[in-house]
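Engineer:
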Amino acid sequence: SQQGEEDPQALSIQEGENATMNCSYKTSINNLQWYRQNSGRGLVHLILIRSNEREKHSGRLRVTLDTSKKSSSLLITASRAADTASYFCATDSISGNTPLVFGKGTRLSVIA
Amino acid sequence: KAGVTQTPRYLIKTRGQQVTLSCSPISGHRSVSWYQQTPGQGLQFLFEYFSETQRNKGNFPGRFSGRQFSNSRSEMNVSTLELGDSALYLCASSLVPGRAYEQYFGPGTRLTVT
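First to last, the protein sequences are chains A and B. Residue numbers are given in the numbering used here: position 58 of the first sequence equals residue 71, and the series is strictly consecutive. Residue numbers are given in the numbering used here: position 26 of the second sequence equals residue 554, and the series is strictly consecutive.
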């Protein structure tokens, strides 16, 4: 079963605009990660945020985590056509030795 | 450092056949995980191996099996293929097991069952 659920399912923006994707999850977590997948390829790790962190930056990426709302957001600033991809959040439950669970992803299209 | 490699990249099989997929992790990585990705179900966890031992198994039927060798390379096998097994199979490696570590994914094997 999916732990994380991304929202929206699809997003289309113009180059230069900011893109925001949200992830909600159900159970308490240790960490939350964001991954990017170009069409039909493997996933690429973007950023990991721990449950005791609220915000993290990496280049044009900004991730926030609100454990009280069980949600996270990924902001891509000044988007480029090359950012066109699907973005997934992945969570690990705080309870037990459980595998990383991925959401179904947000498909981002950046139009040049 | 070479990335995660998966072979073959594409595969077409017929129902009832079996298939073996291979994954070579990044050098030095000892943990390998497998995922099945379909448009309907998204990314679903299959197995995780560390030091030749299966640490975790997802909710898949017994037709799906895997193993890891002493050099950390891993294989997964699907027997008696069904149409619903058509998917992108992704392998990921990490230094050690544990969710605090990022996973490095291979390009995947696209399996089509006809």
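Glycine included, C-beta positions come from ideal geometry on N, C-alpha and C.
1. When burial is assigned at 16 or more other CB atoms within 10 Å of the CB, is residue 641/B buried or exposed?
2. According to DSSP, residue 638/B sits in a beta bridge with which residue or residues?
3. Along the chain, where does the beta strand (DSSP E) that runs through residue 609/B open and close?
4. What is the rounded straight-line gap between the Cα of residue 637/B and the Cα of residue 616/B?
5. Can you list, in chain order, the residues of the region 603 to 632 of chain B whose Cβ is nearer than 9 Å to any Cβ on chain A?
6. Where DSSP assigns a beta bridge to residue 68/A, which residues make up the other side?
7. Within 8 Å of any Cβ in chain B, is that where the Cβ of residue 15/A sits?
8. With DSSP as the reference, label residue 149/A as helix, strand or coil.
9. What residues from chain A crowd round residue 599/B, counting only those whose CB sits closer than 7 Å?
10. Flag this pair as yes or no: are the beta carbons of residue 618/B and residue 633/B separated by less than 8 Å?
11. What number of angstroms, rounded off, separates the C-alpha of residue 15/A from the C-alpha of residue 33/A?
12. How many Å lie between residue 576/B and residue 569/B at the Cα?
13. Spell out whether any CB of chain B is found under 8 Å from the CB atom of residue 112/A.
Structural biologist: In terms of the structure at hand:
1. Residue burial annotation: residue 641/B is buried, with at least 16 other C-beta atoms found within 10 angstroms of its C-beta.
2. Note: residue 638/B sits in a beta bridge opposite 538/B and 616/B.
3. Taken as a continuous stretch (DSSP letters only), residue 609/B belongs to no beta strand (DSSP E), as it is neither H nor E.
4. Taking the CA atoms as reference points, residue 637/B sits about 6 Å from residue 616/B.
5. Answer in chain order: 616, 618, 619, 620, 625, 626, 627, 628, 629, 630, 631 and 632.
6. Paired residues: 77/A.
7. Since pLDDT at residue 15/A reaches only 48, below the 50 mark, its modelled position is unreliable, and no value is offered.
8. A query on residue 149/A cannot be resolved here, the shown segment of chain A reaching from 14 to 125 and no further.
9. Going along chain A, no residue has its Cβ under 7 Å from residue 599/B, so there is no contact; the nearest lies around 21 Å.
10. For residue 618/B and residue 633/B, yes; Cβs fall inside 8 Å.
11. With a pLDDT of 48 at residue 15/A, under the threshold of 50, the modelled position of that residue is not reliable, and the figure given next carries that caveat. Straight through space, the alpha carbons of residue 33/A and residue 15/A are spaced by roughly 21 Å.
12. Approximately 19 Å, taken between the alpha carbons.
13. It does; some Cβ of chain B falls within 8 Å.
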